[in-house]
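My numbering applies: residue 405 is where the sequence shown begins, and numbers increase by one.
We put the beta carbon where it would ideally sit given N, CA and C, even for glycine.
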Amino acid sequence: MKLASWLKVSGNSARELASLVETTEATISRLKNGHALPSMELAGRIAEATGGAVTANDFLDLDPSEGTGDGIDGARILLIISGGIAAYKSLDLIRRLRERECELRVILTRGGQEFVTPLSVGALAGAAPYTDLFDAKTEFDVGHIRLARECDLIIVAPATAELMAKMAGGHANDLATTVLLATGAPILLAPAMNPHMWEHMATRRNVVQLKADGVSFIGPNAGEMAEANEAGIGRMAEVPEILGAIENLLGQASAKPLTGKHVIVTSGPTHEPIDPVRYIANRSSGKQGHAIASAAARAGAKVKLVTGPVEIADPLGVKTIRVESAADMLKAVEAALPADIAIFAAAVADWRMAQAAEQKLKKKPGAQEMTLDLVQNPDILKLVARGHKRPELVIGFAAETQNVVENAKTKRRAKGCDWIVANDVAHARGVMGGTKNAVHLVMEEASEDWPEMTKDQVAEKLMARVAEHFEVTKAPA
Ligand code: C5P
């Protein structure tokens, strides 16, 4: 049974269930409204708490009647038609999507071509379908990476047992599976197969895995099969149901927690020139700041990432501005304002040369010592936190080697920021340049100790807290 129905029937409130399964009320609400899928662990706890009434599979099917009404007009949709008798229904789906002026691209797999022809698909879609991974024409036209990226949603209809198995295993041996692996867009599967295949443990395992990976499903439905005397669950969902599921998913995508928010993130070290060939730097890799920029973009925010010199790739969906020195970073941050949220994860050099030498500094004959004249760099975080364009939420980082939380509390006040993410960078912990981080979130009213996790997880958790902060502050008093 659906979670929403169980809550109604059982008379439990979202809050009561949340405390039973050790999650937040907000999470239960998102699950109830079909705006999120639970992790397998959470789904297990929900199944236990509801006496088996709401199982992991009940989160699988999106109920088209729960459509958000946001509409799908004009959406960029990639339709993958794989091999199955239900492929004929996808021709109708193409027509319905075009009626709604969707920007439609179609991939027709080799199996799909056994059931519908590229000509009929092309005639209805208004452009020839893509069929081959190594087809020069496709690669010169848009290429598989653009096919994967330039869409708001991918629908696989029909989705065969084999294609689902490949997806669950991460295979990429043809155009469809490669695009499915390379995409960041939501994926909706409309499975269609013989009931025995649908019920097979291998298929069940794959469905559970795909669901855990965030893939959405519509159907399959119960009914007569194309094969004589066969009935059961395996029929592809009907076109109106698929349209409802698309509408629902697109509605969710446009209603992300930080949609409409502008975020500035600083990341990486700065390089302060000593002379034309030497500079002062530090060991910051930029991993934490880049992960935060990426998480903010995934949460729906418009993100500007101002980064010092790093060797990692620019995050997807983020405007990246590269700088060298602290002075450049300050200029870039000021130019990126105004914003709702600013997160200062960069390891800005505290000092720069009073005057960088124009020529390479030479060793002086006989001199064993050398003194560099340094002056303090501008404190970007402090200037922004105390400036007239202050974002509503300003978050700083503190790299400490002792009395981490105490020092962070003092730093929070001194800098004038709202939160400090403090971490212990004593060498033994390997935070600088590493992939893991154990941090403390220091706020005005409280501080939290987070367990050691990857920098990506720190970023996710921090953005979830940011989203919560905006949820709370916008709620009526
Ligand atoms: O004072 P401290 O360097 O420990 O402060 C760390 C925090 O301040 C970080 O968020 C860092 O990005 C920011 N900061 C800055 N400009 C500086 C020094 C630090 O934005 N010049």
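Between residue i and chain C, is the shortest Cβ-Cβ distance under 9 Å, so that the two count as touching?
i	result
alanine 695	Going by chain labels, chain C is absent from the structure shown, which holds only one protein chain.
With DSSP as the reference, label residue i as helix, strand or coil.
i	result
tryptophan 410	helix
isoleucine 650	helix
leucine 787	helix
threonine 724	strand
leucine 845	strand
lysine 865	helix
glycine 526	helix
lysine 708	strand
valine 643	helix
threonine 454	coil
asparagine 811	helix
lysine 840	strand
methionine 605	helix
Given 8 Å as the limit, tell me if residue i has its C-beta closer than that to any heavy atom belonging to the ligand C5P.
i	result
glycine 800	yes
alanine 750	yes
lysine 859	no
alanine 430	no
lysine 786	yes
threonine 670	yes
proline 713	no
lysine 570	no
lysine 815	yes
alanine 697	no
lysine 819	yes
alanine 700	no
aspartate 754	yes
alanine 882	Residue 882 lies beyond the residue range present for the chain, which begins at 405 and ends at 881; the question has no answer from this structure.
alanine 589	no
alanine 803	yes
The alpha helix (DSSP H) that contains residue i, what's its start and end?
i	result
glycine 693	691 to 702
lysine 570	565 to 573
histidine 666	Here histidine 666 belongs to no alpha helix (DSSP H); instead the beta strand (DSSP E) covers 666 to 671.
alanine 826	Looking at the DSSP string, alanine 826 is not in any alpha helix (DSSP H); the run it does join, the beta strand (DSSP E), is 823 to 828.
glutamate 420	418 to 424
glutamate 738	730 to 740
leucine 551	547 to 553
At which residues does the beta strand (DSSP E) containing residue i begin and terminate?
i	result
isoleucine 432	Segment 429 to 436 is the alpha helix (DSSP H) holding isoleucine 432; no beta strand (DSSP E) there.
aspartate 853	851 to 853
arginine 794	Unbroken run through arginine 794: none, as it is neither H nor E.
proline 595	591 to 595
alanine 743	It is not in any beta strand (DSSP E) - alanine 743 carries neither H nor E in the DSSP assignment.
alanine 626	625 to 628
isoleucine 489	Per DSSP, isoleucine 489 belongs to no beta strand (DSSP E) and is neither H nor E.
Excluding the 5 residues flanking residue i on each side, which residues of the same chain have their C-beta closer than 8 Å to its C-beta?
i	result
glutamine 692	Ser671, Ala749, Phe801, Asn841, Lys859, Val862 and Ala863
alanine 881	At alanine 881, the pLDDT of 40 sits below 50, so the modelled position is not reliable and the matter cannot be decided from this model.
proline 742	His666, Lys793 and Pro795
With a CB to CB cut of under 6 Å and the five nearest residues on each side skipped, what residues in its chain are close to residue i?
i	result
aspartate 744	Lys665, His666, Pro795 and Glu796
methionine 867	Ala699, Ala700 and Ala703
arginine 449	Val425
leucine 890	No statement about residue 890 is possible, as the shown extent of the chain runs from 405 to 881 and does not include it.
glycine 478	Glu505
Check whether the Cβ of residue i lies closer than 8 Å to any heavy atom of the ligand ZN, and answer yes or no.
i	result
proline 782	This structure lacks the ligand ZN; the ligands present are the ligand C5P.
By Cβ distance below 7 Å, which residues in the same chain neighbour residue i in space, the five residues on each side in sequence not counted?
i	result
glutamine 780	Asp754 and Trp755
glycine 487	Thr513, Gly515, Gly516, Glu518, Phe519 and Thr564
valine 825	Ile799, Phe801, Val843, Leu845 and Leu866
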